[in-house]
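Structure first, then comments.
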Amino acid sequence: MATVPPALSGPDSSLQRRLHAVLHAAVRVRAEALRRAHGLMETPAGQTLASTGRALGHAVGSRLRPDPVPERYVHGVTPIGRLLARPALLGLLGSIAIVLGASQPNSPFTSKLPGSWYFGVPTPSAVPGITPPPGQWLFFGVVAVYLGMILMLRAWWDVVRVCARYRGMPVRHLAWVFAAWVAPLLVVAPLFSKDLYSYVAQGEMMSRHINPYAYGPTVLGPIGANPLNRLVDPLWGNVTSPYGPVFLVPAGWIVELTGHNVLMSVEGLRLLALAGTIAAAAAIPSIARSFGLDGASGFAMAALNPLVLLHLVAGGHNDAMMLGFLVPGYALARRGHRIWGIVLVALGAAVKVPALIGAVYIGWEWLGTHRSVRERVRPVATAMLLTLAVMAVLSAVAGLGWGWMAGLSNPDTVRSWLDPATAVGLLGGKILATVGLGGHAHTVLTLARGLGFVLAAVIGVRLLLRSDEIGPLRALGWSLIAVVVLSPVVQPWYAAWGFVFLAPVVEGRVRRIVVICSGISCFVGLPGGRVLLHEISVANPLLVAGFSVALVGVGLALLRARSHPHQGGLSTRPADLVSERA
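Structure below.
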């Protein structure tokens, strides 16, 4: 049984020792019973089972430890390079594994055609209409992507724990970790989504002076005349754009600058997403310090979050561009530059409307804390009017008008049981159909989605009114989460809106919840699960067995990894961490 470090004392250490004792005793009893049941008492297999059980007990116990004791970072004394080296390498390996897996021809995680990407393009079929078999490497590709995601999540958690211990660490120590993890993702085809191809199509429309608020990408011509339409999700082919002019105008510029080359346009728009991610990440430490919090911890939670790296950067979603204006705008307002902050927030809202919430909070905090609602009404109204004025000017200069507001209803095209409001509406429609009232299904769905918006608004107002008590950053972050969860369509990367703002303030159990939810969001909606199950049944059994053993081995190695000082290990004694101050 592992001994409790001398630094532990008090009721928490007693509970820790009891927990370890219970876990280890349970594992030993179970191993003993299995050995006797199978006659393996003295065999090597029995001994292996026992040692595996003990290792699992240690691993589970180590995962339940509370947050580390915070220490001050001391330049030249704290071995921060050595502490970050292991998780940085682990995350890099995960990133490379994802690129290798998703670059396999016929990978379910990417969509590639000749001329649209550098490598990994499926071989054209010799017989029209017949898709050639994917081959044995498809199984490898799916396993590699899932394994890489697990490695990145584990590496991220290790970095977060290092930052949670050594407060005051310069953010530059994490910048090279961010660069190492994101670099491989810039050479993989658009990951987990076809949205980036829709962006290119809308940029193509802008370059041809076709209003994306009046037509969908199919206006560019049939598939034969415009191969780009083969890459755009058919669901959005006839749908007008819901994005603002601050995104569409640069998209048109990029398409023109790249000579209407699909591959280069995709990379250009991805670099735009990367720039937005970097801008948001650079502003997080400033926001954290304005609340008396640690900048490095906030940066690690936000910028190194695999949900941000895999979806916003590798997927190229324009949510990154929205955050690239919204987060720095809020940071400027916290430093006293409220007008410039509102201008940046308006730019973000002219990419995607949810950024408007930033203007509300800038106005709410304009006069400081502990002000009455009546005193706050005027600055909030002023901030909103300035934001809308900037958006109006941008729409007029772009020559597109406010047509994108009509496109905000486009999510009604998607109906998924993963969206709480939509699921309630669909379930209500099925219940009505069961009792013979199926003609009201659409009405029920519309009503459920409307009630979801109302509930999100109520939650947002409640959080705003209590922001002095719970902290404005927490209120802002959870308000965005409420908007995401209760909106008609929930995409996994939408959760990054709230997680980025919560990054500087989450501690302890809430931090674990954010990490777990980020990990779950990374996997939600991925098509690889079904493909993996199919490939297990048709791929070479030796290949399946080999990869399965390797996957289990890596998983056990990650679970058994104990937190030692030379690995970024952290003390297990809980501490009162710094809380958010307005």
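Its first residue numbered 44, the sequence shown is counted upward by one per residue in my numbering.
Where a beta carbon is used, it is the ideal one built from N, C-alpha and C, also for glycine.
Bear in mind the structure is a predicted one, so any value in this text is a computation, not a measurement.
Could you tell me which residues DSSP puts in a beta bridge with residue i?
i, result
"Glu114", "Tyr209"
"Trp409", "None; Trp409 has no bridge partner."
Compare the C-alpha of residue i against each of the options and name the closest.
i, options, result
"Pro570", "Trp200, Val185, Gly134 and Trp409", "Val185"
"Gly341", "Val214, Gly493 and Ile524", "Val214"
"Trp407", "Arg273, Gly144, Pro422 and Phe152", "Pro422"
"Met448", "Thr430, Ala392 and Lys237", "Ala392"
"Gly359", "Ile123, Val243 and Pro547", "Val243"
"Pro463", "Ser530, Val231 and Trp200", "Ser530"
"Val220", "Ile524, Arg129 and Val305", "Arg129"
"Tyr537", "Thr477, Gly468, Arg554 and Val567", "Val567"
"Glu19", "Leu234, Ala324 and Ser250", "Residue coverage of the chain in this structure runs from 44 to 625, which leaves residue 19 outside it and unanswerable."
"Pro151", "Gly471, Asp362, Gly379 and Ala232", "Ala232"
"Gly246", "Ala389, Trp200 and Gly302", "Gly302"
"Ala339", "Trp160, Val467, Arg492 and Leu217", "Leu217"
"Ala432", "Leu387, Gly468, Ile474 and Lys473", "Leu387"
"Leu390", "Pro293, Pro148 and Ser284", "Pro293"
"Pro277", "Ser236, Ile297, Met249 and Gly287", "Ser236"
"Ser154", "Thr121, Thr486, Pro270 and Leu263", "Pro270"
"Leu181", "Trp383, Pro148 and Pro535", "Pro148"
"Ala357", "Val225, Val112, Leu399 and Ile556", "Val225"
"Gly468", "Trp445, Thr477, Gly495 and Ala345", "Gly495"
"Val416", "Trp296, Val440, Arg509 and Leu347", "Arg509"
"Ser438", "Gly514, Gly287 and Gly134", "Gly287"
"Ala326", "Phe544, Val557 and Val501", "Phe544"
"Ala222", "Leu352, Trp521, Thr283 and Glu418", "Leu352"
"Leu135", "Met192, Ala518 and Val164", "Met192"
"Thr489", "Gly444, Gly472 and Leu312", "Gly472"
"Tyr373", "Ala324, Leu347, Tyr189 and Leu355", "Ala324"
Within its chain, find whatever has a CB closer than 8 Å to the CB of residue i; leave out the 5 residues flanking it on each side and keep chain order.
i, result
"Ala381", "A small correction: the amino acid at residue 381 is Arg; Ala does not occupy that position in the sequence shown. Hits under 8 Å: Leu375, Ile405, Trp409 and Ala426."
"Val403", "Val423, Ala426, Met427 and Leu507"
"Leu127", "Val202, Val205, His216, Leu217, Val220 and Gly611"
"Tyr161", "Val230 and Leu306"
"His607", "At His607 the pLDDT is 44, less than 50, meaning the model places this residue with poor confidence; the figure from the coordinates comes in the next sentence. Cβ neighbours of His607 beyond the five flanking positions: none."
Go through its chain and collect everything with a Cβ distance to residue i's Cβ below 6 Å, but skip five positions before and after it.
i, result
"Glu322", "Note on identity: in this sequence residue 322 is Ala, with Glu being the wrong assignment. So the list reads Gly367 and Pro371, once near-sequence residues are dropped."
"Gly40", "Because the chain spans 44 through 625 in this model, residue 40 falls outside it and cannot be assessed."
"Asn281", "Gly259 and Thr261"
"Tyr116", "Tyr209, Gly211 and Met212"
"Gly562", "Leu196"
"Trp540", "Leu523"
"Ala187", "Ala140, Leu143 and Gly144"
"Leu498", "Leu529"
"Met248", "Pro255"
"Gly295", "Gly246, Met249 and Ser250"
"Ile502", "Ala525"
With DSSP collapsed to three states, give me the class of residue i.
i, result
"Pro130", "helix"
"Trp445", "coil"
"Leu336", "coil"
"Pro255", "coil"
"Gly367", "helix"
"Arg378", "coil"
"Ser438", "helix"
"Gln147", "coil"
"Thr301", "coil"
"Phe183", "helix"
"Asp362", "helix"
"Glu512", "helix"
"Asp201", "helix"
"Thr486", "helix"
"Lys473", "helix"
"Val72", "Caution is warranted here: a pLDDT of 42 is assigned to Val72, below 50, making its placement in the model unreliable, and the coordinate value is therefore given only provisionally. Note: Val72 maps to helix in three-state DSSP."
"Asp238", "helix"
"Tyr189", "helix"
"Thr430", "helix"
"Tyr373", "helix"
"Ala546", "coil"
Would you verify that the beta carbon of residue i is, or is not, closer than 7 Å to some beta carbon of chain B?
i, result
"Val185", "Included in the structure is just one protein chain, with no chain B present."
Residues in its own chain within less than 7 Å of residue i by CB, not counting five upstream and five downstream?
i, result
"Met364", "Phe290, Leu315, Ala316, Gly319 and Val394"
"Pro227", "Ser138, Ile139 and Val142"
"Val527", "Val533, Tyr537, Ala538, Trp540 and Gly541"
"His413", "Asp511"
"Ser241", "Pro260, Val275, Asp276 and Trp279"
Problem set entry | Inter-stretch contact (C-beta, 8 Å, three-pair minimum) for the segment 327 to 336 and the segment 200 to 208 | No: fewer than three Cβ pairs fall under 8 Å.
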